[in-house]
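A.B. asks: One structure follows; several queries about it will come next.
In structure tokens, the structure reads:
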């Protein structure tokens, strides 16, 4: 039986989602697998929609795992899991899905949020927002956001790994609230560091350090001209992962 | 020359405000004295309006310290201090005051905030609110709050130290917002654990575990009948310390 779970975590105290297979580098995956393995009394491995890096948070990360049981009381299971997990990780929803479902390969789109505080440093939100107390040109930033919309090669906006750099950005919004900038970006997928490098680039645009034309050219050439800007992890949230309709529902 | 500073900190990573004089137990005071001593090139001791316990936050804690210099550029000083401090401690305001001012003894009143999340556990705010996902009787809690208003002996609502237990609570408000309860309590002073024990008592009232009459009696008898309830530190914020008018201004 395959179980899908939507989980939330505060990434401040972890070396990222993925296990590092090291006792001195704790991960969200380690914590969850430890709890599930204890509950089911055998080693349970989980798969996620994708890793999140050290310090990155999640409101709606999705994982799946398989159990041998023929039926499980998901309400009780979720309660037990949440009691045993550290206080900064939580299972929000659980659902039985059919074997076609895979948290990573079935994902149709993802949404990330990035929060910048342009006011004086807010120490209370130290690890939850990027404290960047500088004046930014919001109009320029909004023009910059438009450059990323649609299908592009993001080869210059991620770390240099093999594979396919083409991604489609479906929406990219910015809400301003009391000096906080709240970006939301949705697309069919994101390469490692891609959101943080896009946000980092927008900050440089907002500071006037780089022109819209320059960024437009970097995007359009499709050559690897990796930008040097990467916003820090603490402002980044994986908001949700979308899997389309009901095709994975268990009958 | 005496300098007054208003500071803010996220207490999640510290063993409280006050120095523990131990290398393995960091404190806000240690961090600040380390930075000031480096800047002024001699040992600088600070005094605060009062200690805050492990895990408690401050939006407007007040400290003072003395320097030998005859004039100091406070703008530059604050900038240097904030660059050198850890990211979860910040100097918000600085001001030269006369020698009559003492951050602790001149304080006229203090305001604390306490935040309870009654929704499902919010892991993002893990160390910033008290996640308490239970249904509370808000009307009963409001009646309970009224019992504490005015001058009372708080001998049953603090740890058992020597001294005077009489305190005057000037105001006590509760704002409800999307399942979050935000208490603000102002008074001429608070004994150790007093706010947390008052909030803990209100939670028990809200759960129906203890009656208003019982609490009223405990307050009125003025005997030591210490309540067993103490809300955890993570929901508590020292909001500000009030010193009255301009009588400490440097001429």
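Residue numbers (this note's numbering), protein chains in the order written: chain A, 2 to 252; chain B, 2 to 252. C-beta: ideal position from N, C-alpha, C; glycine also.
Is residue 169 of chain A buried or exposed, if buried means 16 or more other CB atoms sit within 10 Å of its CB?
C.D. replies: By one-based count along the first chain, residue 169 of chain A stands at place 168. Residue 169 of chain A should be labelled exposed.
A.B. asks: Find the residues of chain B that neighbour residue 212 of chain A, judging by a C-beta separation of less than 7 Å, and give them in chain order.
C.D. replies: The residue labelled residue 212 of chain A in the question sits at position 211 within the first chain. By Cβ distance, chain B contributes nothing, its closest Cβ being about 30 Å from residue 212 of chain A, past 7 Å.
A.B. asks: Counting only C-beta atoms, is residue 89 of chain B closer than 8 Å to chain A at any point?
C.D. replies: Residue 89 of chain B sits at position 88 when you count from the first residue of the second chain. Closer than 8 Å to some Cβ of chain A, the Cβ of residue 89 of chain B qualifies, so yes.
A.B. asks: Taking a cut of 8 Å between CB atoms, which residues from the stretch 54-68 of chain A lie near chain B?
C.D. replies: So the close ones are 58, 60.
A.B. asks: What does the alpha-carbon distance come out to for the pair residue 31 of chain A and residue 12 of chain A?
C.D. replies: If you number the first chain from 1, residue 31 of chain A lands on position 30. If you number the first chain from 1, residue 12 of chain A lands on position 11. Rounded to the nearest angstrom, the two C-alpha atoms are 13 Å apart.
A.B. asks: Leaving out the 5 sequence neighbours to the left and right, which residues in its chain are closer than 6 Å to residue 82 of chain B when beta-carbon positions are compared?
C.D. replies: Working through the second chain from its first residue, we reach residue 82 of chain B at position 81. Only 36, 92 meet the Cβ criterion.
A.B. asks: Counting along the chain, where does the alpha helix (DSSP H) carrying residue 178 of chain A start and finish?
C.D. replies: Counting from one through the first chain, the residue named residue 178 of chain A turns up at place 177. Unbroken run through residue 178 of chain A is the beta strand (DSSP E), 167-178; no alpha helix (DSSP H).
A.B. asks: Could you give the residue range of the alpha helix (DSSP H) that holds residue 94 of chain A?
C.D. replies: Indexing the first chain from 1 puts residue 94 of chain A at position 93. Counting along the chain, residue 94 of chain A falls outside any alpha helix (DSSP H), though it belongs to the beta strand (DSSP E) covering 90-98.
A.B. asks: Using alpha carbons as the reference points, say which of B:111, B:150, B:220, B:190 lies closest to residue 243 of chain B.
C.D. replies: To locate residue 243 of chain B, count along the second chain from 1; it is residue 242. For residue 243 of chain B, the nearest C-alpha among the options comes from B:111.
A.B. asks: Do residue 3 of chain A and residue 65 of chain A have their C-beta atoms closer together than 8 Å?
C.D. replies: Locating residue 3 of chain A in the first chain gives position 2, where the first residue counts as 1. Locating residue 65 of chain A in the first chain gives position 64, where the first residue counts as 1. It is a contact, given that the beta carbons lie within the stated cut-off.
A.B. asks: I'd like to confirm the pairing. Which residues does DSSP put opposite residue 250 of chain A in its beta bridges?
C.D. replies: Locating residue 250 of chain A in the first chain gives position 249, where the first residue counts as 1. DSSP, once it has assigned bridges, lists A:98 as partnering residue 250 of chain A.
A.B. asks: Within this structure, are the beta carbons of residue 39 of chain A and residue 96 of chain A separated by less than 8 Å?
C.D. replies: Walking along the first chain from the start, residue 39 of chain A turns up at place 38. Walking along the first chain from the start, residue 96 of chain A turns up at place 95. Contact: no.
A.B. asks: Below 8 Å on the Cβ atoms is my guess for residue 90 of chain B versus residue 33 of chain B; work out the distance and round it to an integer in Å.
C.D. replies: Walking along the second chain from the start, residue 90 of chain B turns up at place 89. Walking along the second chain from the start, residue 33 of chain B turns up at place 32. Correct: roughly 7 Å between the Cβ atoms.
A.B. asks: Return helix, strand or coil for residue 60 of chain B, following the three-state DSSP convention.
C.D. replies: Working through the second chain from its first residue, we reach residue 60 of chain B at position 59. Strand.
A.B. asks: Going by the C-beta, is residue 237 of chain B closer than 7 Å to any heavy atom of the ligand NAD?
C.D. replies: Absent from the structure shown: the ligand NAD. Ligands present: none.
A.B. asks: Have a look at the DSSP bridge pairing and note the partners of residue 185 of chain B.
C.D. replies: Here residue 185 of chain B is taken as the residue at index 184 of the second chain, counted from 1. Partner(s): B:114, B:174.
A.B. asks: Cβ closer than 7 Å: which chain A residues qualify as neighbours of residue 10 of chain B?
C.D. replies: Taking the second chain and counting its residues from 1, one reaches residue 10 of chain B at position 9. By Cβ distance, chain A contributes 124.
A.B. asks: Assign residue 237 of chain B to one of three DSSP states: helix, strand, or coil.
C.D. replies: Residue numbering aside, residue 237 of chain B sits at position 236 when the second chain is read from its first letter. Residue 237 of chain B: strand per DSSP, three-state reduction.
A.B. asks: Please work out which residues of its chain come closer than 6 Å, Cβ to Cβ, to residue 26 of chain A, disregarding the five sequence neighbours upstream and downstream, and give them in chain order.
C.D. replies: Against the first chain, residue 26 of chain A aligns to sequence position 25. For residue 26 of chain A, where only same-chain residues beyond five positions count, the Cβ hits under 6 Å are 16.
A.B. asks: Per the DSSP calculation, residue 242 of chain B is bridged to which residue(s)?
C.D. replies: The residue you call residue 242 of chain B lines up with position 241 of the second chain. Note: residue 242 of chain B sits in a beta bridge opposite B:111.
A.B. asks: I'd like the list of long-range same chain contacts for residue 86 of chain B, defined as Cβ closer than 8 Å, with 5 residues on each side in sequence excluded.
C.D. replies: Within the second chain, the letter at position 85 stands for residue 86 of chain B. So the list reads 32, 33, 36, 92, once near-sequence residues are dropped.
A.B. asks: Roughly how many angstroms lie between the CA atoms of residue 150 of chain B and residue 171 of chain B, to the nearest whole one?
C.D. replies: In the second chain, residue 150 of chain B corresponds to position 149, counting from 1. In the second chain, residue 171 of chain B corresponds to position 170, counting from 1. Distance between the alpha carbons of residue 150 of chain B and residue 171 of chain B: 6 Å.
A.B. asks: So with CB distances below 9 Å, who are the chain A contacts of residue 129 of chain B?
C.D. replies: Here residue 129 of chain B refers to the residue found at position 128 of the second chain. Within chain A, the residues near residue 129 of chain B are 125, 126, 129.
A.B. asks: Between the beta-carbon of residue 197 of chain A and the beta-carbon of residue 234 of chain A, is there less than 8 Å?
C.D. replies: For the purposes of this step, residue 197 of chain A is taken as residue 196 along the first chain, with counting starting at 1. For the purposes of this step, residue 234 of chain A is taken as residue 233 along the first chain, with counting starting at 1. Contact flag set, yes.
A.B. asks: Can you list, in chain order, the residues of its chain whose CB lies under 6 Å from that of residue 250 of chain B, leaving out five sequence neighbours each side?
C.D. replies: Taking the second chain and counting its residues from 1, one reaches residue 250 of chain B at position 249. Same-chain partners within the cutoff: there are none.
A.B. asks: For a contact defined as C-beta to C-beta under 9 Å, what are the partners of residue 99 of chain B on chain A?
C.D. replies: Counting from one through the second chain, the residue named residue 99 of chain B turns up at place 98. Here the premise fails: no neighbours, minimum Cβ distance about 27 Å.
A.B. asks: When you compare the CB of residue 241 of chain A with every CB in chain B, is at least one pair closer than 8 Å?
C.D. replies: Here residue 241 of chain A refers to the residue found at position 240 when the first chain is read from its first residue. Answer no: the Cβ-Cβ gap between residue 241 of chain A and chain B never drops below 8 Å.
A.B. asks: Assuming residue 147 of chain A and residue 131 of chain A make a contact with CB atoms under 8 Å, what is their CB distance in whole Å?
C.D. replies: The count along the first chain starts at 1 and reaches residue 147 of chain A at position 146. The count along the first chain starts at 1 and reaches residue 131 of chain A at position 130. Rounded, the Cβ-Cβ distance is 22 Å, inconsistent with contact.
A.B. asks: For the pair the stretch 50-61 of chain B and the stretch 219-229 of chain A, tell me if three or more CB-CB distances fall below 8 Å.
C.D. replies: Flag = no, the stretch 50-61 of chain B and the stretch 219-229 of chain A do not touch.
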